[in-house]
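Report on one structure; see the data block that follows.
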Amino acid sequence: MSFMTKPKVHHPNLPKNKLGLTTRDYEGGMSTLCAGCGHDSITAALIQAVWALDIEPYKVAKMSGIGCSSKTPAYFLREAHGINAVHGRMPSIATGAQAANPELHFIGVSGDGDSLNIGFGQFAHAIRRDVNMLYIIENNGVYGLTKGQFSASADVGSKAKYGQVNENPPIDPVLTAITLGCGFVARGFSGDKDQLIPLIQAGLKHNGFALIDVISPCVAFNDHEGSTKSYAHTREYFHPAIHTDFVPPREEIKAKYEKGKAMPIELHDGSTIVLRKIDVDHEPTNRAAAIGYLERHREAQEIVTGLLYVNEEQGEEAGSALLGESLVNRGGLEDPSAVLDWFQSSSR
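Counting from 1, one number per residue, gives the positions in the sequence shown under the working numbering.
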């Protein structure tokens with residue numbers, strides 16, 4: 001579909017946000033991903049979340065690295081700023097951009113290979129520096145663009161499409177982030193938009209680095225029997241940690257079902273799963289408890305989703321301008337070499 005142009009017309013009765021914009025104003029180009037790819041559902045959730053928060057598209061900076069997941073920024077917020085970095089190097093580009101203009105909303109979209117293999121070091125340092133951004137990992141356990149090799153998130157014993165068995169232990173991005181001191185850590189499933197949208201909203205409002213790891217099955221190379229990142233496996237072991245909804249400063253968003261109740265969710269491939277709000281005693285503000293909770297369910301081969309950990313004591317200064325002031329508001333920009341020297345000395 002890369003040759004097709006997305007129609008500009010839309011239904012005149014589409015709902016509008018407080019800026020007078022519809023969700024169509026938050027879209028991007030036509031997706032060139034495989035039909036049924038979970039990444040497109042994440043794009044739809046991003047569009048809905050940013051629209052609902054009444055964020056002006058030009059006040060967003062979206063960035064990515066290389067891979068199927070890194071094509072996602074082309075498919076939402078066509079009027080936002082954006083850049084594709086080289087493989088695994090998006091975090092450093094985001095760090096520099098956030099230092100230059102911290103008034104923008106930064107959204108980084110990456111893949112498990114882009115963040116946990118070649119970019120693992122940069123991913124870790126972005127967390128350590130508490131870069132004020134929403135960082136989404138579209139996690140499918142494979143390198144889709146290069147025909148399905150295992151990534152660092154592939155589980156032991158997982159089978160590739162052509163029969164190879166992974167023998168290396170996986171890197172869990174949410175456990176890694178909590179261990180490194182990340183203040184907002186969540187996991188979602190691309191087929192469960194009802195859970196994913198409020199997680200994205202909360203991540204965008206968080207001061208500092210916010211990570212959402214989204215299990216997003218690859219329909220071309222990792223949706224077969226034996227894969228632990230397939231639709232079938234995810235539905236079987238889907239385990240919501242806690243039902244979350246985003247509560248903005250001005251107006252509360254009501255939950256759609258009560259504790260202990262079940263609710264059927266139709267996935268984008270037409271199938272249905274039933275979510276039940278369980279484990280209401282999970283405490284996402286307790287770091288040690290969150291790690292233990294994840295480990296217990298990992299040993300049971302369960303995929304835990306929801307808001308896993310949040311640091312409520314993080315102050316307003318968390319994730320603010322990395323240099324104390326933004327480059328766009330600093331005088332003397334007519335001398336780029338002087339600004340570069342100041343930037344480098346301030347970052348040491």
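Don't be surprised by glycine CBs; every beta carbon is placed ideally from N, CA and C.
By DSSP, does arginine 349 sit in helix, in strand, or in coil? The first residue shown for the chain is 1 and the last is 348, placing residue 349 beyond what the model contains.
According to DSSP, what are the bridge partners of leucine 307? Looking up residue 307 in the sequence shown gives position 307. DSSP lists Ala186 as partners of leucine 307.
How about the region 14-23 and the region 60-74: do they share at least three Cβ pairs that are nearer than 8 Å? no
Looking only at DSSP bridge pairs, what is isoleucine 137 linked to? One-based indexing of the sequence shown puts residue 137 at position 137. Bridge partners of isoleucine 137: Ser110, Asp213.
Burial state of histidine 105, where buried means 16 or more other Cβ atoms lie within 10 Å: Position 105 of the sequence shown holds residue 105. Classification of histidine 105: buried, given that the 10 Å Cβ count is 16 or more.
Looking only at its chain, what residues have a beta carbon closer than 6 Å to the beta carbon of alanine 352, apart from the 5 residues adjacent to it on each side? For the chain, the structure presents residues 1 to 348; residue 352 sits outside this window and is missing.
Note down, in chain order, each residue of its chain lying with its Cβ closer than 7 Å to the Cβ of valine 185, except the 5 sequence neighbours on either side. Numbered from 1 along the sequence shown, position 185 holds the residue referred to as residue 185. The residues are Val174, Ala177, Ile178, Leu211, Leu308, Tyr309.
Assigned secondary structure, phenylalanine 343 (DSSP; H/G/I helix, E/B strand, else coil): Along the sequence shown, one-based indexing puts residue 343 at 343. Helix.
State the DSSP-derived secondary structure class of alanine 300, mapped to helix, strand or coil. Counting from one through the sequence shown, the residue named residue 300 turns up at place 300. Looking at alanine 300 - three-state DSSP - the assignment turns out to be coil, as it is neither helix nor strand.
Report yes if the C-beta distance between glycine 119 and proline 91 is below 8 Å; otherwise report no. Indexing the sequence shown from 1 puts residue 119 at position 119. Indexing the sequence shown from 1 puts residue 91 at position 91. Result yes, Cβ atoms of glycine 119 and proline 91 sit closer than 8 Å.
Per DSSP, what kind of secondary structure is isoleucine 47 in: helix, strand or coil? Walking along the sequence shown from the start, residue 47 turns up at place 47. In this structure, isoleucine 47 counts as helix in the three-state DSSP scheme.
By Cβ distance below 7 Å, which residues in the same chain neighbour aspartate 213 in space, the five residues on each side in sequence not counted? Taking the first residue of the sequence shown as position 1, residue 213 is located at position 213. Ile137, Asn139, Pro173, Val174, Arg187, listed in sequence order.
Short of 6 Å in beta carbon distance, which residues of its chain neighbour histidine 399, apart from the five on each side in sequence? Order them along the chain. Outside the displayed range of the chain (1 to 348) lies residue 399, so it cannot be described from this structure.
Restricting to Cα atoms, I'd like to know which of Pro170, Gly36, Ile83, Phe76 is closest to glutamate 299. For the purposes of this step, residue 299 is identified with residue 299 of the sequence shown, where counting begins at 1. If we check each option's Cα against that of glutamate 299, Pro170 comes out closest.
Boundaries (first-last residue) of the beta strand (DSSP E) holding serine 64: By one-based count along the sequence shown, residue 64 stands at place 64. Serine 64 -> beta strand (DSSP E) spans 60-64.
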